[in-house]
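>
There are 2 protein chains.
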Amino acid sequence: MPIEDVRTFVLYDIVEDKTRARIADVCLDFGLVRVQYSAFAGQLNRNKREELFLRLRDTLGDEVGKLLVQPVCEKDVTQMLLHENDEPPEEDL
Amino acid sequence: MPIEDVRTFVLYDIVEDKTRARIADVCLDFGLVRVQYSAFAGQLNRNKREELFLRLRDTLGDEVGKLLVQPVCEKDVTQMLLHENDEPPEEDL
Numbered sequence: 143m144p145i146e147d148v149r150t151f152v153l154y155d156i157v158e159d160k161t162r163a164r165i166a167d168v169c170l171d172f173g174l175v176r177v178q179y180s181a182f183a184g185q186l187n188r189n190k191r192e193e194l195f196l197r198l199r200d201t202l203g204d205e206v207g208k209l210l211v212q213p214v215c216e217k218d219v220t221q222m223l224l225h226e227n228d229e230p231p232e233e234d235l
Numbered sequence: 143m144p145i146e147d148v149r150t151f152v153l154y155d156i157v158e159d160k161t162r163a164r165i166a167d168v169c170l171d172f173g174l175v176r177v178q179y180s181a182f183a184g185q186l187n188r189n190k191r192e193e194l195f196l197r198l199r200d201t202l203g204d205e206v207g208k209l210l211v212q213p214v215c216e217k218d219v220t221q222m223l224l225h226e227n228d229e230p231p232e233e234d235l
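Note that the protein sequences, when read in sequence, are chains A and B.
First residue of the first sequence? That's 143 in this note's numbering, and the numbers climb one at a time after it.
First residue of the second sequence? That's 143 in this note's numbering, and the numbers climb one at a time after it.
(1) Assuming B/F195 is part of the alpha helix (DSSP H), what are its boundary residues?
(2) Please confirm whether B/D159 and B/K208 have their CB atoms less than 8 Å apart.
(3) Note down the Cα distance separating B/V206 from B/E193, rounded to an integer number of angstroms.
(4) Should B/D218 be labelled buried (16 or more other beta-carbon atoms within 10 Å of its own) or exposed?
(5) Closer than 7 Å by beta-carbon distance: list the chain B residues that pair up with A/R199, in chain order.
(6) Give the C-beta separation of A/D167 and B/N227 to the nearest angstrom, bearing in mind that I take them to be a contact with Cβ-Cβ under 8 Å.
(7) Does the CB of B/F182 have a neighbour CB from chain A at under 8 Å?
(8) Report the three-state DSSP secondary structure of B/D228 (helix, strand or coil).
(9) Between A/G173 and chain B, is the shortest Cβ-Cβ distance under 8 Å, so that the two count as touching?
(10) Over the uninterrupted alpha helix (DSSP H) stretch that includes B/V206, give me the two end residues.
(11) Contact check, B/A183 vs B/L174 under 8 Å by CB: the rounded distance?
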């Protein structure tokens, strides 16, 4: 991957279900993967990250909600601490 | 602040309401502030960050859920993109 690509986290709080789903679709369009219910992550360069942020803002429009786009360098990614207890098989996230 | 302190993000997906509230309490205990419904952030050094992670794991116990503790260096924090549309006054997050 190009050296300028860093991990980007997208976190959001969106009240409206439909809008929240559209926000998730935008993240998927940009090649991010879901890491939590309302969080995505993936490799983006600065231009793509800013483009994503504008798309997310447009998608949210005037609705109540919060968007956070946070780049995280590889050094920091190596220090991520992660813990997961199995989810029931009927969940599809 | 000490130079080794970096911004730490805590993200979680917790099924049980009570446990989710207890996870939030642990984050508050460590001086983090809520940045999203299920996300906190604040300055922690590496020891405190690892201590927090252990506390969060203990608090989750065997319950279904996911915990992610991500340090983010100051350089990356300056590149954070944030957008928020006002929440209704009755919300207290």
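Ideal Cβ placement from N, Cα and C applies to all residues, glycine included.
This one's a predicted model, so the numbers in the text were calculated from it and none came from an experiment.
So, to answer that:
(1) Numbered from 1 along the second sequence, position 53 holds the residue referred to as residue 195 of chain B. If you look at B/F195, you'll find it in the alpha helix (DSSP H) that goes R188 to L202.
(2) Looking up residue 159 of chain B in the second sequence gives position 17. Looking up residue 208 of chain B in the second sequence gives position 66. In this structure, B/K208 does not lie closer than 8 Å to B/D159 by Cβ.
(3) Locating residue 206 of chain B in the second sequence gives position 64, where the first residue counts as 1. Locating residue 193 of chain B in the second sequence gives position 51, where the first residue counts as 1. Cα-Cα distance, rounded: 21 Å.
(4) Reading the second sequence from its first residue, position 76 is the one you call residue 218 of chain B. Residue environment analysis places B/D218 among the buried positions, since at least 16 neighbouring C-beta atoms fall within 10 angstroms of its C-beta.
(5) If you number the first sequence from 1, residue 199 of chain A lands on position 57. In chain order: H225.
(6) Translated into the one-based positions of the first sequence, residue 167 of chain A becomes position 25. Translated into the one-based positions of the second sequence, residue 227 of chain B becomes position 85. The beta-carbon separation of A/D167 and B/N227, rounded to 19 Å, does not stay under the 8 Å limit for a contact.
(7) If you number the second sequence from 1, residue 182 of chain B lands on position 40. With 8 Å as the cut-off, B/F182 does not count as an interface residue toward chain A.
(8) By 1-based counting over the second sequence, the position of residue 228 of chain B is 86. Shown here, B/D228 sits in coil according to DSSP, grouped into three states, outside any helix or strand.
(9) Within the first sequence, residue 173 of chain A is the residue found at index 31, counting from 1. In terms of beta-carbon proximity, A/G173 stays away from the interface with chain B, with every pair separated by 8 Å or more.
(10) Position 64 of the second sequence, counted from the start, is the residue given in the question as residue 206 of chain B. No alpha helix (DSSP H) contains B/V206, which DSSP labels as neither H nor E.
(11) To locate residue 183 of chain B, count along the second sequence from 1; it is residue 41. To locate residue 174 of chain B, count along the second sequence from 1; it is residue 32. Indeed they touch by this definition, with Cβ atoms about 6 Å apart.
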